[in-house]
Amino acid sequence: MRRTGSALGVVFAVFALLATAPAWAASDDLDFYQTADRTEVGTEDTFRLTVVVVDAPANAQVKLPESDDFSILSSSRSSQRSISLSGGGPAVIQDVTRHVLVMQATRAGRLKIPPSQITVRGKTYRTQPVELTVKAGRVGGAPSPGQAGRGGGRQPDPFSSIQSQMQQMEEAFGDMMEPDRPTIPRGDSDLFLRASLDRDNVYVGEQVTLSLYIYSRVDLSSVDAVTMPKLEGFWTEEVESPTQLSGEQRVVDGIPYRAYLLRRRAIFPVKSGTLSITPAEADITTGFLFAGHRVHRVSNALKVKVKPLPPGGPEDLPNAHVGNWRLSMDVSQTRVELGQPVTVKVSLEGVGNVKNVTPPALKGPAALKIYDPTTTDKVSPQRHRVQGRRVMEYLVMPQRTGSFTLPALEFTYFDPRARKYEVARTDPVTITVEAGAGGASSIASGAPQASSDQANEQKNVLTAGGLRPVRYQARFEAPGVPVWKRGFFVPTVLAPLGLLLGVALIGGVRGRLALRSEAGRGRQQAKAARKRLADAEKLQSSGDVGAFYGEVEKALHGFLEARLSMPVVGLTREVLAEKLTAGGADAERRAKVLFVLEACDFGRYGGGGDPAERQKVMDAAAAAMEGWA
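Going left to right, the sequence shown walks through residues -25 to -1, 1 to 604 as mature numbering (1 follows the signal peptide of the UniProt record, and there is no 0) numbers them.
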């Protein structure tokens, strides 16, 4: 039987089927619903609302629910495609898009989350609303297995357990987790720049953490330049700025990437409304060494919805007074002597815009003079949240004795987590001022305190006879001799010239002595070389041929170093001949030197046992040393 078709044809048919399946597998009615991971929550709990749409066109816009009874802390979006082949029928392909909202109720009661909406080809679809029971405080507990708000008998969401674990992790680690999930751009899927926010719906003055990442599937060499977004309407504080590229593995839409953190900043909105964050830019070099390639990438733009502070707080409350703060007042001593200062530290510590917050001013009675404070800040970000301490140190100077009270201080702020205004207070402090050693009970205003010895000192006291007349006493002296006519003038003027001549004379004498000493050393070395040659002559008759030739070679090397004033051991024969020529040696002497060196090499390593040969080498070495001026 002859086969029809081929395996390649089957593959092409399957790909064609997959490409066209979403068009014919979708029904006229979308599968569109929303579910909550629990049916009972507390006002301090967070829960997740999942909005699911199946087989929606690419241009379909989903409108997520909005309600004053709930706050959206973060939102994320994910998509996946499922293919089902069963029963021998055609493939069923579904594109499932999930929108996950992390929400929190703003009040207690039986509340309802409005339905979500989607418009497809002019037709609007709506989900069922979700009803929740909200209690005051924290309820906690695991998500309900039969998720609220879902009708139609569909099976529970298979990702509910994963969402529950994610929620527990987020509640455990708080701000360490970033709910933002990047989307892969079409043009730059291998390397793209992504800016993200840990939240996009906050109050005025509440921190938003801006992170800038590089997502890459290629090797990175360096980041040459980074241009951060323009943050108009925000007070910014640097949280993290790595100096080296350190990537971590992340999976985006099922594709593994290496994510590199470039910058992380804490931004505090200073006005309400929808604030825009422009895209960031970066120049990145990929590859290594000569194979590197430089690319330019632009991140996504962001928007932050900033809510004004709710009513019920003080008028004109600064936007930096948002966070969680503790106020304290520390006094160096509460019992002092008059004239001794007291140091008072007013500390404001907590989470928020530390460098822009203003602690309450220290006030006191008129008997305590309070000088202007000095301010110090200590910022120590933790888990990407800006926190620290601002300390205002006052110098208080008592003006009279008694007991005086520094009144309690109050600092009003808005806590965005509790969504209410709080007041941090200190206790009043009483300072007891005692009389000093001198017994004074007060200090004159504007006059410095004088010491006891200065107070007892009599000044501007008239004598018994009244004022004495002013008398002038004078004497006449002969005019002095001019300086240039005195005896020390000429030697003083000529002394520098004489000193200069003396230094020059001493330098010349030292140079001559150095030349003479060098010449003397040369003569001594030549004499030592001749003595070594005489010692070699004693070895001529011995049986140690290698010792004889070695001693002759050392004697000749020592003599040449003395005459040429340079080391010659290790020089090649050609270079040595050039040095001998430059040193004034004639051709015959050069030939004898080279002959002796060659004979010594041959005698040590190749024989040289003939006494006549040894005597010939000895005579040539002596002749090379003699008669050299």
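From the three backbone atoms N, C-alpha and C, an ideal C-beta is built for every residue, glycine too.
Delimiting residues of the beta strand (DSSP E) encompassing R239: 230 to 244
Alpha-carbon spacing of T102 relative to P289, whole angstroms: 41 Å
Spatially closest choice to V279 from G180, Y369, D163, T376, by CA coordinates: G180
Simplified DSSP assignment, three categories, for P373: strand
Nearest-angstrom Cβ-Cβ length linking E409 and L313, presumed shorter than 8 Å: 7 Å
C-alpha distance - D173 paired with T72, whole-angstrom precision: 22 Å
Nearest neighbour of T21, chosen from F7, V478, V29, F45 [CA to CA]: F45
Strand pairing of G287, partner residues [DSSP]: Paired residues: none, contrary to the question.
Residues bridged to I259 (per DSSP): V198, V270
Own chain partners of F534 with C-beta closer than 6 Å, once the 5 adjacent residues on each side are dropped: A501, A504, M600
DSSP-derived helix/strand/coil call for residue 657: Here the chain has residues from -25 to 604 only, and residue 657 is not among them.
Pick from P244, Q224, F379 that is closest to V281, judged by C-alpha positions: P244
Cβ-based burial, G477 [other Cβ within 10 Å; buried from 16]: exposed
Straight-line Cα distance separating V297 from P391: 7 Å
One or two residues paired with T211 in a DSSP bridge: I242
M203 - containing beta strand (DSSP E), residue span: Counting along the chain, M203 falls outside any beta strand (DSSP E), and DSSP gives it neither H nor E.
Alpha helix (DSSP H) segment containing A599, residue limits: 586 to 600
Buried or exposed by the 16-neighbour rule on C-beta atoms within 10 Å, applied to Y100: buried
Check whether L531 and F523 have beta carbons under 8 Å apart: no
L531 - containing alpha helix (DSSP H), residue span: 520 to 539
DSSP three-state assignment for I159, whether helix, strand or coil: coil
Chain-order list of residues whose beta-carbon lies under 6 Å from that of K554 (same chain, five-residue window excluded): L539
Between the CA atoms of V361 and L236 - distance to the nearest angstrom: 18 Å
Cα-Cα separation, R498 to A537: 7 Å
Cβ distance (whole Å) where L370 is taken to contact T318 below 8 Å: 6 Å
Backbone secondary structure at N331 - three-state DSSP: helix
R225, enclosing alpha helix (DSSP H) - first and last residue: Note, R225: premise wrong, no alpha helix (DSSP H); beta strand (DSSP E) at 222 to 227.
Spatially closest choice to V343 from H268, T309, D576, G455, by CA coordinates: It should be noted that the sequence gives Leu, not Val, for residue 343. Checking every option, the nearest Cα to that of L343 belongs to T309.
8 Å Cβ cutoff met for T260 and D199: yes
Option nearest L24 by Cα separation, candidates S50, A574, Q36, F570: S50
CB contact flag (D30, Q69, <8 Å): yes
Whole-number beta carbon distance between E223 and A241, since they are thought to touch under 8 Å: 21 Å between Cβ atoms; not a contact.
Simplified DSSP assignment, three categories, for L292: coil
Nearest-angstrom Cα separation, counted from L569 out to E528: 11 Å
Endpoints, alpha helix (DSSP H) assigned at V550: 548 to 557
DSSP beta-bridge partners of T380: T405
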